[in-house]
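Inspection log for the structure reproduced underneath, given as structure tokens.
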Ligand SMILES: C[S@@+](CC[C@H](N)C(=O)[O-])C[C@H]1O[C@@H](n2cnc3c(N)ncnc32)[C@H](O)[C@@H]1O
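Numbering (our numbering), first residue to last: 3 to 391.
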């Protein structure tokens, strides 16, 4: 079965408003065509269907028969999730703050401002996400036209495991690269031109004006309270002619064919996610769509927007997209608990058990290949004018 080309979606569905060159209103690039659904007749599919089938059955069984914390335990045991999370949970050099079996970063007062775990399981997931971001750009780390410009200083805000910073440092060996984060989860064995710093990118920056040629921020949407202020600090800190780049998925499960039911748990989850983020002062809904306008307002020029469809399980026929779907499904299976646990218990007053059961339902829907869902990933780049001070 193929999604019918030309079928118009509801506001929660459909193709993005930009083309690959960042022109508003375009539908020219391959990624923005309606994606073709796999008919499911390959040997590869047999393997997938039996695996997905057994996961679904296991999840059904757990949801139907259990209503306590053991439910999630059974699923997680199967995927070795607790063990992977615990490796760093038990780490002596940075114990952080452990809640409901996950480790969070902690500030000097022992509080964790960032709502998502930073343990081993999350770090593996971040590295997987790096691969997804890069695959969407066909192996590139950025969309800004900096290749051949010989950048001398590069800044990566909220660097996480530092994987992007490490690769950009390798790519530009003559550049001095700085990666900052609240959490000390970066490796120590890194390229000689890379330095990690513990720093809050929402605080006043101390880098000095006009000091960087390229500033990058990826996948921090639910972490930032004041994006315009961050853009302004990036503008001030860039050298004239330097580039700022934002990369983030829009967290809305979209389909072009309405195959995800409106009352799906995945849709409910996204609504709860935005509601919880809003409650803690992070306005996530519709945010990546407004980045270009906000950059123009600050004074950036040549703002370019690239939007890529990223399937959320291996439903498409196209091999590249199917692979992206596989990675994305793994990201959901590994990530959903961490996305929801602290946020929903802390902001929405859910119990751990409620989150456990809900996450199981989300996982069950995630593996359903009849749901032709995708996220739009936004890549937005802007240049500080050469004439700016
Ligand atoms: C989802 S991860 C993304 C990591 C990395 N940018 C990537 O794409 O792989 C978000 C990271 O931002 C960090 N973070 C959250 N709030 C921050 C802040 N105010 N300043 C600096 N880092 C922050 C978190 O500790 C976490 O490592």
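Beta carbons: idealized from backbone N, C-alpha and C, even for Gly.
Option nearest residue i by Cα separation, candidates the options
i	options	result
residue 163	177, 267, 124 and 226	124
residue 131	174, 202, 330 and 229	330
residue 126	390, 340 and 140	340
residue 247	256, 219 and 235	219
residue 387	200, 299, 269 and 102	299
residue 159	313, 370, 233 and 262	233
residue 135	165, 117, 110 and 149	165
residue 360	266, 242 and 140	266
residue 252	275, 262 and 261	275
residue 200	224, 180 and 216	180
residue 349	277, 239, 306 and 323	277
residue 223	271, 285 and 281	285
residue 385	322, 228 and 297	297
residue 140	102, 195, 311 and 238	311
residue 146	355, 375, 302 and 344	302
residue 195	204, 168 and 122	168
residue 304	281, 382 and 282	382
residue 270	315, 225, 363 and 314	363
residue 239	346, 309, 291 and 206	206
residue 338	203, 38, 128 and 379	128
residue 375	343, 354, 225 and 323	323
residue 346	39, 102, 334 and 121	102
residue 307	291, 319 and 321	291
residue 225	273, 334 and 119	119
Per DSSP, the bridge partner or partners of residue i
i	result
residue 311	378
residue 318	39
residue 146	DSSP, once it has assigned bridges, lists no residue as partnering residue 146.
residue 306	383
residue 337	Paired residues: none, contrary to the question.
residue 196	179
residue 2	Residue 2 lies beyond the residue range present for the chain, which begins at 3 and ends at 391; the question has no answer from this structure.
Endpoints, alpha helix (DSSP H) assigned at residue i
i	result
residue 287	Counting along the chain, residue 287 falls outside any alpha helix (DSSP H), and DSSP gives it neither H nor E.
residue 135	122-138
residue 359	354-368
residue 172	165-173
Range covered by the beta strand (DSSP E) that runs through residue i
i	result
residue 254	240-256
residue 220	214-220
residue 99	99-101
residue 104	104-106
residue 223	Note, residue 223: premise wrong, no beta strand (DSSP E); not H, not E.
Distance, residue j Cα to residue i Cα
i	j	result
residue 183	residue 108	12 Å
residue 236	residue 208	11 Å
residue 2	residue 99	Any question about residue 2 goes unanswered here, given that the chain covers just 3 to 391.
residue 391	residue 244	12 Å
residue 294	residue 373	30 Å
residue 328	residue 216	32 Å
residue 249	residue 263	28 Å
residue 336	residue 177	34 Å
residue 242	residue 198	24 Å
residue 332	residue 214	35 Å
residue 210	residue 352	43 Å
residue 282	residue 228	12 Å
residue 357	residue 289	25 Å
residue 138	residue 144	11 Å
residue 389	residue 377	37 Å
residue 203	residue 221	13 Å
residue 379	residue 313	10 Å
residue 149	residue 133	20 Å
residue 326	residue 316	7 Å
residue 151	residue 268	43 Å
residue 212	residue 343	40 Å
residue 37	residue 154	40 Å
residue 121	residue 104	7 Å
Residue i: CB within 6 Å of a non-hydrogen atom of ligand 2
i	result
residue 357	Of the ligands one can find in the structure shown, namely ligand 1, none is ligand 2.
Practice problem: Please confirm if the region 168-179 is in contact with the region 360-371, defined as three or more CB-CB distances below 8 Å between the two stretches. | Solution: Because the criterion of three Cβ pairs below 8 Å is not met, the region 168-179 and the region 360-371 do not touch.
Exercise. Report yes or no: do the region 139-159 and the region 252-271 share at least 3 C-beta pairs separated by less than 8 Å?
Key: Touching, no.
Quiz item: Are there three or more Cβ pairs, one per stretch, closer than 8 Å when the region 109-124 is compared with the region 188-198?
Solution: The region 188-198 and the region 109-124 do not touch, with fewer than three beta-carbon pairs separated by less than 8 Å.
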